[in-house]
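Note that the working numbering has the sequence shown beginning at 4, numbered continuously upward.
C-beta: ideal position from N, C-alpha, C; glycine also.
Working notes, beginning with the structure itself.
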Amino acid sequence: MAQEHQEYIQTKVNPILENLVTQVLLERPENPVPFMVRWLANQSPQAKEYFAGFGMGEAEKLRTELKTVQEEVRALEKKLGRAPSA
């Protein structure tokens, strides 16, 4: 059983947490918890649907979408070997 837990953590949890920590370190938000919640919510279509039900305002939805697009741009720039845009 412990081996199954270890394998699950290594294959499912660690990659997500590593990406999350990387994004937090890149962004260095003043309040990291809301940033982390938004980031995690944006990693899954099911989570996006779930959080959409909380009545998030249009401005907040746009801010979240903008952050997601910015993260995607940074990831693509990294793949291309370019310095990230500001």
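- Taking all protein chains in view, the Cβ of A5 is surrounded by fewer than 16 other Cβ atoms within 10 Å, so the residue is classified as exposed.
- In this structure, M39 keeps its C-beta atom at 8 Å or more from the C-beta atom of L28.
- Beta-carbon to beta-carbon, Q46 and I19 are separated by about 7 Å, close enough to satisfy the 8 Å threshold.
- The Cβ-Cβ distance between Q26 and E63 does not fall below 8 Å.
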